[in-house]
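Undergrad:
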Amino acid sequence: MKIVRINLILLGLVIGAAIGLLLGWVVYPRQLRIATPKDLHSEYRDKYVVMVAAAYSRDGDLERARIRLDKLGADNVLDTTTSQAQRWAAAGRSDFDVSVLAELALALSSGDLETESASADIPISTMLPKVTSTVTPYPTVVVVSPVPTLALLDEYMLLDKTVICDEQMDKPIIKVYVIDAVGNPIPGVQLRIDWTTGSDMFSTGLHPDIGIGYGDFTIDPKQVYTLQVGNSTNPIYGLTSEPCRQGDSDEFAGSISVTWQREG
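Quick note: the sequence shown uses the numbering used here, first residue 32, plus one each step.
#1: So what does DSSP say about Ser-176, is it helix, strand or coil?
#2: Does the segment 267-275 come close enough to the segment 236-243 that 3 or more CB-CB pairs lie under 8 Å?
#3: For the beta strand (DSSP E) containing Gln-292, list its first residue and its last residue.
#4: Which residue marks the beginning of the alpha helix (DSSP H) containing Gln-277, and which one marks its end?
#5: Exposed or buried, which one is Val-209 when buried takes at least 16 other CB atoms within 10 Å?
#6: With a cut-off of 8 Å, do at least 3 Cβ pairs link the segment 198-206 to the segment 243-261?
#7: With distances taken from CA atoms, which of Arg-118, Phe-283 and Pro-68 is nearest Leu-100?
#8: Where does Val-255 fall in DSSP's three states?
#9: Could you check which residue in Arg-89, Arg-293 and Leu-103 has the C-alpha nearest to that of Gly-244?
#10: In whole angstroms, give me the CA-to-CA distance for Ala-116 and Val-129.
#11: Go ahead and label Glu-134 buried or exposed: buried means 16 or more other beta carbons lie within 10 angstroms of its beta carbon, across all protein chains shown.
#12: Rounded to whole angstroms, what's the CA-CA distance from Ile-37 to Ala-49? Just pull it up for me.
#13: Could you give the distance in angstroms between the alpha-carbon of Thr-290 and the alpha-carbon of Cys-275?
#14: Which residues bound the beta strand (DSSP E) around Lys-192?
#15: Leaving out the 5 sequence neighbours to the left and right, which residues in its chain are closer than 6 Å to Ser-148 when beta-carbon positions are compared?
#16: Return yes when the Cβ of Leu-132 is within less than 9 Å of the Cβ of Ala-84, no when it is not.
#17: Closer than 7 Å by C-beta to Asp-279: which residues in its own chain qualify, once you throw out the five before and the five after it? Chain order, please.
#18: Using the DSSP secondary-structure output, state which residues sit across from Phe-283 in a beta bridge.
#19: Leaving aside the five residues before and after Ser-230 along the sequence, list all residues of the same chain whose C-beta is less than 8 Å from its C-beta, in chain order.
#20: Considering just the uninterrupted stretch of the beta strand (DSSP E) at Leu-237, what are its terminal residues?
#21: What does DSSP give as the partner residues of Pro-216 in its beta bridges?
#22: Just the C-alpha distance for Val-260 and Phe-233, rounded to the nearest angstrom, thanks.
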């Protein structure tokens, strides 16, 4: 009887294994498919975007980069790239990663604006007094260093600092324009802003529709700020929103416009 019982147990194990294999391989086989970029976890999607940006930085093929980004299934590849550049800059990720992301975002923006040839022919430096912008609801936080040799020329002269009274702006901002010695706008210039309770970074070049030498930062009317361009030893102290009034309207917080010129 003992031998019969053992044989029945072994027979049951064999039958169970056979049924399991039949169900797994024949009745309910696992459907295998090749994963695509849009199937990736968010962390790996970010790494994929960085690899695309690094490849663009090397070969300069914008169309290929756009096709690769389209595989993510995002509604707007420019927004995706710009947002990641801002997030990674704020998180203190490597300068190389942030630089190639910002370079690709700038190229995608420029590509979208190529049809506007008439406005592109006008020197941006002559348009500065007429610029109006929609307030960014969060600071533009991007650190870009596409040309390492710029650090050797990082001395700037303050050309202009004015108050802007515009009721259309929901919140006051600091608008920064950076030009070179002959008046050409400079993208990728790092700016540091400090106040009593914190500090942040932003840069020029992320709003090519306004100007490649333009950057902005939303400010609190109750705070006083210090603004530094690049590695300049002459920051601007005491920047704060000034009260404005237009006609019979209620008083509102004004914005600030600053223009720097790189020397040399």
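Glycine residues also receive a C-beta, built at the ideal position from the N, C-alpha and C atoms.
Since this is a predicted model, take the numbers as computed values, not measurements.
TA: To lay it out plainly:
#1: Translated into the one-based positions of the sequence shown, residue 176 becomes position 145. Since pLDDT at Ser-176 reaches only 46, below the 50 mark, its modelled position is unreliable, and no value is offered.
#2: no
#3: If you number the sequence shown from 1, residue 292 lands on position 261. That run of the beta strand (DSSP E) goes 286-293.
#4: In the sequence shown, the residue the question calls residue 277 occupies position 246. Element bounds for Gln-277: n/a, residue is neither H nor E.
#5: As a position in the sequence shown, residue 209 is number 178, starting the count at 1. With 16 or more Cβ atoms within 10 Å of its Cβ, Val-209 is classed as buried.
#6: yes
#7: Here residue 100 refers to the residue found at position 69 when the sequence shown is read from its first residue. If we check each option's Cα against that of Leu-100, Pro-68 comes out closest.
#8: Here residue 255 is taken as the residue at index 224 of the sequence shown, counted from 1. In this structure, Val-255 counts as coil in the three-state DSSP scheme.
#9: Here residue 244 refers to the residue found at position 213 of the sequence shown. Per the Cα distances, Arg-293.
#10: Taking the sequence shown and counting its residues from 1, one reaches residue 116 at position 85. Taking the sequence shown and counting its residues from 1, one reaches residue 129 at position 98. Going by C-alpha positions, Ala-116 is about 6 Å away from Val-129.
#11: As a position in the sequence shown, residue 134 is number 103, starting the count at 1. Burial call: buried.
#12: In the sequence shown, residue 37 corresponds to position 6, counting from 1. In the sequence shown, residue 49 corresponds to position 18, counting from 1. Taking the straight line joining both Cα atoms gives about 18 Å.
#13: Here the question's residue 290 lines up with position 259 in the sequence shown. Here the question's residue 275 lines up with position 244 in the sequence shown. Whole-angstrom Cα-Cα distance: 21 Å.
#14: The residue labelled residue 192 in the question sits at position 161 within the sequence shown. That run of the beta strand (DSSP E) goes 187-195.
#15: Locating residue 148 in the sequence shown gives position 117, where the first residue counts as 1. For Ser-148, the predicted model reports a pLDDT of 46, less than 50, meaning its position is unreliable; a value from the coordinates is still stated below. For Ser-148, where only same-chain residues beyond five positions count, there are no Cβ hits under 6 Å.
#16: In the sequence shown, residue 84 corresponds to position 53, counting from 1. In the sequence shown, residue 132 corresponds to position 101, counting from 1. Taking 9 Å as the Cβ cut-off, Ala-84 and Leu-132 qualify as a contacting pair.
#17: Sequence index remark: in the sequence shown, residue 279 carries index 248 (1-based). A distance below 7 Å between beta-carbons, with the five flanking residues on each side excluded, links Asp-279 to no residue of its chain.
#18: Here residue 283 corresponds to residue number 252 of the sequence shown, with the count starting at 1. Bridge partners of Phe-283: Cys-275.
#19: Reading the sequence shown from its first residue, position 199 is the one you call residue 230. Cβ neighbours of Ser-230 beyond the five flanking positions: Arg-223 and Ile-224.
#20: Taking the first residue of the sequence shown as position 1, residue 237 is located at position 206. Leu-237 -> no beta strand (DSSP E), and no H or E assigned at all.
#21: The residue given as residue 216 occupies position 185 in the sequence shown. DSSP, once it has assigned bridges, lists Ile-210 as partnering Pro-216.
#22: As a first step, residue 260 is located in the sequence shown; it is residue number 229 there, counting from the start. As a first step, residue 233 is located in the sequence shown; it is residue number 202 there, counting from the start. Rounded to whole angstroms, Val-260 to Phe-233 spans 10 Å at the Cα level.
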